[in-house]
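Everything below concerns the one structure shown next.
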Amino acid sequence: MYIVMMVALALALHARHLHRQLTGTTLVRRDVSGAMLRHEVWRRVRMELPPKHVSAYAEPREVRMRVLRFAGIACRCEELSVALPAEACSRLGDIAVQEFDERFPSRLQVAPQ
511 MYIVMMVALA LALHARHLHR QLTGTTLVRR DVSGAMLRHE VWRRVRMELP
561 PKHVSAYAEP REVRMRVLRF AGIACRCEEL SVALPAEACS RLGDIAVQEF
611 DERFPSRLQV APQ
């Protein structure tokens, strides 16, 4: 019984961590596989500070996350971040979802090829 409770607690903490990662993101695609399984693609565009050995200045980046949900509970999250051109700094809130779609693998694209 103790082991079952520990596993349930670990799963709940993991789901909460994944839910927290999705804060400030926008859902751009949802694929349903059966009654209980969903793959979702979430997106966030913002200025990020790269590691200090790369640069001391923040750069515009788009982050996409692919989330696997089972029965509505986030089970797994894959994240990929790509750098955007410097001119994107002035219009971060106005960047269309499809504008840099080709920079991501098909599993993270809005309209996969």
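To get this note's numbering, take the position in the sequence shown, counting from 1, and add 510. All residues carry an ideal CB built from backbone N, CA and C; glycine is no exception.
- Exclusion of the five residues before and after M575 leaves W552, C587, E589 as the residues of its chain whose Cβ lies within less than 6 Å of its Cβ.
- If you draw a straight line from the Cα of D604 to the Cα of Y567, it is about 22 Å long.
- If you compare the alpha carbons of V577, A593, A522 with that of M557, the shortest gap goes to A593.
- The C-alpha of R548 is placed about 10 Å away from the C-alpha of R539.
- Taking the Cα of V555 as reference, the smallest distance to any Cα among S616, P615, E609, A621 is reached at E609.
- For H563, there is no enclosing beta strand (DSSP E), as DSSP marks it with neither H nor E.
- Nearest to Q531 by alpha-carbon distance, out of C585, H563, M516, F614, is C585.
- The three-state reading of DSSP puts A584 in strand, counting E and B together.
- Rounded to whole angstroms, the Cβ separation of E597 and V577 is 30 Å, and the two are not in contact under 8 Å.
- Beta-carbon to beta-carbon, S591 and V573 are separated by about 5 Å, close enough to satisfy the 8 Å threshold.
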